[in-house]
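These protein sequences, in sequence, are chains X and P. Start counting the first sequence at 1; every next residue gets the next number (the working numbering). Start counting the second sequence at 1; every next residue gets the next number (the working numbering).
There are 2 protein chains.
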Amino acid sequence: MPPAVLSREEVIDRLMQVLRQQGYAGASLAELSKATGLGKSSLYHYFPDGKDDMTRAVLGQLAARLDRALFNPLRAAGPPRRRLDAMVVTVNAFYRGGREACLLGNLVVGETRERFHHEVAAIFEEWIAAIATVLRDAGFAKGLARTRAEDAVVRIEGALVVAQGSGNEDLFERTIRRLPADLVARAAGRRG
Amino acid sequence: MPPAVLSREEVIDRLMQVLRQQGYAGASLAELSKATGLGKSSLYHYFPDGKDDMTRAVLGQLAARLDRALFNPLRAAGPPRRRLDAMVVTVNAFYRGGREACLLGNLVVGETRERFHHEVAAIFEEWIAAIATVLRDAGFAKGLARTRAEDAVVRIEGALVVAQGSGNEDLFERTIRRLPADLVARAAGRRG
DNA sequence: GATCTATTGTACCGATCGGTACACTGAGTG
DNA sequence: CACTCAGTGTACCGATCGGTACAATAGATC
């Protein structure tokens with residue numbers, strides 16, 4: 001809907017970049033305007049309820065993109081180990097090797113946690129469920145598959161925080177590279 | 001220094017609560033004032049450089065408290081497994097079973113990442129090093145001890161995010177309860 | 001009691017916040 | 001050509017932002 005220079009999807013993409021980098025409270029309308037190249041009036045034309053609307057649009061687009069690029073491949077047929085390896089590649093690209101923050105992680109802070117809880121929780125849940133599906137396919141019992149799937153997402157989110165906080169850039173990639181082997185390990189072989 | 005009703009340590013404690021819950025951008029002077037019971041003038045009397053000063057004071061006090069309650073016990077003598085168990089108890093209390101956010105995690109967002117990077121990175125580093133010490137005492141090689149120690153902190157930070165994001169409250173406690181056994185496992189016995 | 005210094009309340013500053021009003025444009029459509 | 005209407009720039013709103021000035025107060029010290 002923007003003139004032609006930027007599609008709606010691209011606009012939401014720019015909004016996502018600002019939100020994931022600055023957080024909700026830190027993302028001012030001025031920055032969102034600058035990042036998209038749209039004036040405030042245009043921003044409010046597309047997103048009548050302001051930042052709240054924009055954030056919901058961003059969450060919707062994120063959910064759709066993750067479905068396509070991450071969750072559906074996880075749920076598709078194929079060797080479990082290979083599906084997990086594919087996830088690692090996608091996740092690594094999505095977070096730019098740990099240099100980019102997680103939007104979901106930034107939306108659990110302060111008042112935004114309750115405000116966007118439904119959307120955020122749904123994405124986390126779908127992610128965990130998709131990994132659990134792979135692990136069930138790999139022969140694990142339901143409970144164990146679920147627990148390990150949670151642990152995988154926990155480690156990805158944690159690795160982002162610790163990598164950025166400690167300045168240890170490669171910690172993120174190292175952490176997620178271990179994931180596939182760890183996840184399918186038979187009650188043994190934690191890692192090297 | 002506050003009249004007598006609140007010690008400096010207590011004031012900084014209140015500031016910490018606001019900062020860890022709201023993040024830096026979301027913590028307004030009005031809120032910090034209300035939480036401490038000090039007017040803006042008093043706040044600026046104790047912390048002349050405003051929010052920046054307050055945040056540094058909070059980080060300093062956090063570092064001191066973690067040293068006393070978490071890192072020193074980890075580095076002290078005693079059975080490694082017991083030291084890790086103690087860490088879990090302390091961590092669980094500190095984060096109120098996952099209901100309280102991590103200040104460090106909230107300070108890696110936006111411009112605050114660079115601003116407080118030294119302090120934040122130092123705390124993460126000391127934490128990881130302390131856990132690595134335990135694991136060396138448990139007989140692990142230096143590299144493996146370090147990697148597993150990183151993983152422990154990664155899982156704690158990640159569990160906070162995922163527990164709060166997914167609304168799954170007990171995920172945090174479940175995750176950290178697994179940590180001691182996982183950490184000292186002999187290249188086997190990932191967990192259940 | 002006079003003095004001093006730490007602490008505080010009040011009032012204020014310019015800047016920016018999120019958000020709105022409105023007139024204008026320009027590309028389609030009849 | 002007349003009309004419409006999605007899209008936009010400009011100007012503005014009251015509220016709040018982080019921060020400062022300053023005079024009043026108060027408790028200790030002499």
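Ideal placement from N, C-alpha and C gives every residue a C-beta, glycine not left out.
Hey, is residue i's beta-carbon within less than 8 Å of any beta-carbon in chain X?
i, result
"residue 94 (chain P)", "no"
"residue 176 (chain P)", "no"
"residue 181 (chain P)", "no"
"residue 155 (chain P)", "yes"
"residue 11 (chain P)", "no"
"residue 137 (chain P)", "no"
"residue 158 (chain P)", "yes"
Leaving out five residues before and five after residue i in sequence, what residues of the same chain have Cβ atoms less than 7 Å from its Cβ?
i, result
"residue 157 (chain X)", "102, 105"
"residue 39 (chain X)", "33"
"residue 126 (chain P)", "71"
With respect to the alpha helix (DSSP H) encompassing residue i, which residues constitute its N-terminal and C-terminal limits?
i, result
"residue 48 (chain X)", "Looking at the DSSP string, residue 48 (chain X) is not in any alpha helix (DSSP H), and its letter there is neither H nor E."
"residue 26 (chain P)", "8-26"
"residue 172 (chain X)", "170-184"
"residue 143 (chain X)", "142-166"
"residue 94 (chain X)", "80-94"
"residue 99 (chain P)", "Note, residue 99 (chain P): premise wrong, no alpha helix (DSSP H); not H, not E."
"residue 77 (chain P)", "From DSSP, residue 77 (chain P) is part of no alpha helix (DSSP H); its letter is neither H nor E."
"residue 137 (chain P)", "117-137"
Taking the straight line between their C-alpha atoms, what separation do you get for residue i and residue j?
i, j, result
"residue 174 (chain X)", "residue 131 (chain X)", "19 Å"
"residue 151 (chain X)", "residue 22 (chain P)", "26 Å"
"residue 161 (chain X)", "residue 118 (chain P)", "15 Å"
"residue 180 (chain X)", "residue 84 (chain P)", "26 Å"
"residue 159 (chain P)", "residue 183 (chain P)", "16 Å"
"residue 16 (chain P)", "residue 167 (chain X)", "23 Å"
"residue 191 (chain P)", "residue 139 (chain P)", "With a pLDDT of 47 at residue 191 (chain P), under the threshold of 50, the modelled position of this residue cannot be trusted; read the value that follows with caution. About 20 Å."
"residue 66 (chain P)", "residue 14 (chain P)", "17 Å"
"residue 35 (chain P)", "residue 62 (chain X)", "36 Å"
"residue 87 (chain P)", "residue 46 (chain X)", "50 Å"
Can you list, in chain order, the residues of its chain with a C-beta nearer than 8 Å to that of residue i? Leave out the 5 residues immediately preceding and following it.
i, result
"residue 91 (chain X)", "70, 156, 176"
"residue 25 (chain P)", "109, 110, 112"
Does any residue of chain P have a CB that is nearer than 8 Å to the CB of residue i?
i, result
"residue 21 (chain X)", "yes"
"residue 169 (chain X)", "no"
"residue 164 (chain X)", "yes"
"residue 26 (chain X)", "yes"
"residue 149 (chain X)", "no"
"residue 161 (chain X)", "yes"
"residue 101 (chain X)", "yes"
Between residue i and the ligand FAD, is the CB less than 7 Å from at least one heavy atom?
i, result
"residue 169 (chain X)", "Among the ligands in the structure shown, none appear at all, so the ligand FAD cannot be discussed."
message: What are the residues in the stretch 104-128 of chain X lying within 7 Å of chain P by C-beta distance?
response: 104, 105, 106, 108, 109, 110, 113, 117, 120, 121, 124, 125
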